[in-house]
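Written out below as structure tokens is the structure these notes cover.
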Amino acid sequence: LNPVIDIRSQQTIFPVRKRVPWERVTVLSQNILAKVQIWTILIALPVALGCGLAISWVFGAGVFLTALWAVAGFRALEGLLRSAVVPQGAPRNEFAIILWLIAKLAVYAVAVWVLFFRPFPAISHAVGFTILMVVLVVVGARHRAAEIKLATTAKSDQL
Numbered sequence: 192l193n194p195v196i197d198i199r200s201q202q203t204i205f206p207v208r209k210r211v212p213w214e215r216v217t218v219l220s221q222n223i224l225a226k227v228q229i230w231t232i233l234i235a236l237p238v239a240l241g242c243g244l245a246i247s248w249v250f251g252a253g254v255f256l257t258a259l260w261a262v263a264g265f266r267a268l269e270g271l272l273r274s275a276v277v278p279q280g281a282p283r284n285e286f287a288i289i290l291w292l293i294a295k296l297a298v299y300a301v302a303v304w305v306l307f308f309r310p311f312p313a314i315s316h317a318v319g320f321t322i323l324m325v326v327l328v329v330v331g332a333r334h335r336a337a338e339i340k341l342a343t344t345a346k347s348d349q350l
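With the sequence shown counted from 1, adding 191 to any position gets you our numbering.
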């Protein structure tokens with residue numbers, strides 16, 4: 192948005208974009224992220240069971256534990272961002288940031304251990320981690336579609 196000069200008062204007026212209140216964004220993202228975490232675990236269970244029956248139980252365990260690892264890493268990243276990125280003027284809790292950073296590093300330490308000691312097949316890790324990515328896309332797309340539907344319904348009600 193470009194600034195405009197008011198001819199009468201000779202002052203520069205800067206237009207302000209309307210923004211979504213911080214609280215609404217927080218509530219919406221908490222709901223979406225919680226759904227992603229829950230659905231990832233719920234989908235990983237039957238996928239891991241199917242892989243366990245079709246391929247091997249070690250492969251199925253690798254799928255499920257990697258999906259849990261992905262959820263734990265996602266949750267640690269969410270907590271780290273919620274602690275570090277706060278609205279302007281709000282206090283930042285450095286202790287929480289340090290704890291979430293330690294949690295995130297611990298999640299990656301588990302990943303490094305698994306890569307070196309190979310208790311599960313590598314492909315099972317790819318399958319387990321992909322579950323989180325697919326669920327993230329599907330939940331995000333469904334949420335966006337619901338927002339668009341709500342916006343178009345609100346516009347049609349105004350007419």
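Even for Gly, the Cβ is constructed at its ideal location relative to N, Cα and C.
Check	Outcome
Close-in-space but distant-in-sequence residues of the same chain around residue 326 (CB under 8 angstroms, 5 per side omitted)	227, 230, 231 and 234
Where the alpha helix (DSSP H) through residue 273 begins and ends	248-275
Counted within 10 angstroms of its Cβ, other Cβ atoms place residue 331 as buried (16 or more) or exposed	exposed
Residue 263 and residue 298 closer than 9 angstroms at C-beta	yes
Secondary structure of residue 279, DSSP reduced to three states	coil
C-alpha distance - residue 243 paired with residue 293, whole-angstrom precision	33 angstroms
Option nearest residue 271 by Cα separation, candidates 258, 288 and 284	288
Residue 241 burial status per 10 Å Cβ neighbour count (16 or more: buried)	exposed
Backbone secondary structure at residue 333 - three-state DSSP	helix
Opening and closing residue of the alpha helix (DSSP H) in which residue 308 lies	285-308
Residues near residue 257 in its chain [Cβ-Cβ closer than 6 angstroms; skip 5 each side]	316, 319 and 320
Euclidean distance between Cα positions of residue 236 and residue 255	6 angstroms
Rounded straight-line distance, which links the Cα of residue 248 to that of residue 214	Residue placement at residue 214 cannot be trusted, given a pLDDT of 49 that sits under 50; what the coordinates show is reported in the next sentence. Their backbone Cα atoms lie some 45 angstroms apart in a straight line.
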